[in-house]
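Report on one structure; see the data block that follows.
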Amino acid sequence: MRHLFLFLIVNSVFFLYPVFSQESVDKASLLPFQSPVVVLPQAATGTTDSLKKAESLMEQNRFEEALSTSLRVLDQVHKQQDEILIYNVNDLIAKIFLKSNNFEKALEYYHLNRKLVEKTHDSLKIAKTYASISSMYAKTQKYEEAEFYSKRILNITNDSSDFLMLKAIAYSTLSAIYVERKQLELAEMYIQKSLAIQKKTNDKTNVIYTLNSLGSVYLLKNDYYKAKRVYFEALKLSELNKDSKYLNIKEVIYDNLSYALFKLKDYNAFTYQEKSFNIRDSLRDNEISRILGEIEGKYNTENIKKEAQLKTSEEVAKRKHTQDINIILILVSLLLTAGIWMSYRYFKLRQEKLKLEL
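Numbering (the working numbering), first residue to last: 34 to 391.
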């Protein structure tokens with residue numbers, strides 16, 4: 034049986050959710066593995082500006098320049114022996130490698146940060162670092178290591194809302210791992226724990242994603258009644274907010290719901306399947322428009338550059354032409370002056386000769 038996992042990014046959290054075929058269900062997906070956002074401390078103006086520049090370059094996908102800038106800053110802060118700044122620069126470098134899909138290198142820098150924070154008593158920063166490491170191991174399909182660091186998060190005591198979010202992600206990571214191992218009872222237990230935290234913090238966006246993940250587990254367990262109930266709950270929440278960011282998840286929920294209804298011989302399944310297709314088509318049209326817009330923008334930018342280069346070349350040619358004319362005029366002037374002087378000398382010498390003859 035076949036399966037497909039999709040990734041979504043919402044509010045700096047990476048969510049993993051499935052699209053099931055209408056033929057079979059093999060695997061569920063859950064809230065995955067987050068690379069936490071670390072707030073940069075107040076630092077020297079030059080360092081702060083350099084970090085902002087590196088981050089901006091990263092967002093523009095200019096990874097080589099971003100990495101080069103970050104490494105220069107890292108060298109500076111190592112000389113200052115400022116461990117807080119070292120942590121933040123390491124985190125930025127790891128994100129650069131993450132965005133360029135170099136998970137192994139990102140993991141190296143997250144482990145450097147792990148060694149730094151484990152010497153402190155900052156439980157929240159420790160949990161964030163463990164979450165980042167767990168994420169990298171999950172992305173490289175090293176599930177035992179991902180499980181190890183997710184469970185280390187659960188052993189930390191902290192009552193802050195930020196930590197509760199990390200705890201929810203740790204639960205969902207474990208659920209995804211147990212789905213991989215086909216231990217569906219454990220997968221359901223952990224995703225329920227994650228959902229309980231999401232509801233407690235009243236984070237409706239995360240609740241929608243987590244409900245979809247729970248529904249996926251029920252599909253895998255062939256418990257279509259529970260899956261149907263969970264998907265309708267998720268749709269009810271998503272309908273309360275008309276934000277376009279919910280279109281992707283609604284497409285998936287409609288798709289999964291249609292499959293559950295089909296298995297229950299409820300032929301409203303086709304209605305929800307059509308809704309899924311409609312959203313998918315609209316998203317595809319928007320994506321095509323975006324790509325065409327990027328191509329047009331790139332084409333226009335290149336034309337502007339070419340025009341600027343051509344204009345510059347013309348200006349250079351004009352300056353050279355003017356310089357050449359000036360040089361020629363100077364040479365002609367010198368030749369004329371020399372000719373006049375030589376003629377004058379010749380005339381004077383002739384006069385002298387005539388005098389002598391007389």
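Think of the CB as a built atom: it goes at the ideal place given N, C-alpha and C, for glycine as much as any other residue.
Mapping the DSSP letters down to three states, classify residue i as helix, strand or coil.
i: Q174; result: coil
i: N359; result: helix
i: I186; result: helix
i: N255; result: coil
i: S83; result: helix
i: N311; result: helix
i: R378; result: helix
i: L197; result: helix
i: L297; result: coil
i: D392; result: This structure cannot settle anything about residue 392, because the visible part of the chain is limited to 34 through 391.
i: H354; result: helix
i: D124; result: helix
By Cβ distance below 8 Å, which residues in the same chain neighbour residue i in space, the five residues on each side in sequence not counted?
i: M91; result: A99, L125, K128, I129 and K132
Near residue i, what residues of its chain come up, given a Cβ to Cβ distance below 7 Å and the 5 sequence neighbours on each side ignored?
i: L145; result: N123
i: E266; result: L244
i: M169; result: F136, A139, L140 and Y143
Please report the straight-line C-alpha distance between residue i and residue j, rounded to a whole angstrom.
i: I117; j: V150; result: 9 Å
i: Q174; j: T153; result: 30 Å
i: S194; j: S205; result: 17 Å
i: T304; j: R262; result: 17 Å
i: K269; j: E284; result: 14 Å
i: R95; j: S103; result: 12 Å
i: K161; j: M222; result: 23 Å
i: K226; j: N121; result: 31 Å
i: K215; j: A209; result: 10 Å
i: S54; j: N235; result: Reliability fails at S54, whose pLDDT of 39 lies under 50, so the model's placement of it is uncertain and the value that follows must be treated cautiously. Their backbone Cα atoms lie some 31 Å apart in a straight line.
i: E97; j: A293; result: 47 Å
i: K351; j: L367; result: 24 Å
i: T80; j: Q93; result: 20 Å
i: I230; j: K112; result: 42 Å
i: D155; j: N191; result: 10 Å
i: Y264; j: I224; result: 15 Å
i: N134; j: I360; result: 59 Å
i: Y163; j: S346; result: 56 Å
Can you tell which of the options has the C-alpha that lies nearest to the C-alpha of residue i?
i: F136; options: T370, S165, I186 and Y120; result: S165
i: I186; options: K200, E177 and E178; result: K200
i: L253; options: V212, I230 and V365; result: V212
i: E218; options: N239, A203, D256 and N191; result: D256
i: K287; options: S309, T355 and N359; result: Note on identity: in this sequence residue 287 is Tyr, with Lys being the wrong assignment. With distances taken between Cα atoms, Y287 lies closest to S309.
i: I119; options: K232, L84 and Y182; result: L84
Report all residues from its chain with a CB closer than 6 Å to the CB of residue i; omit the five preceding and five following residues, and keep chain order.
i: S291; result: A302, Y305 and Q306
i: K259; result: Y251
i: K237; result: L270
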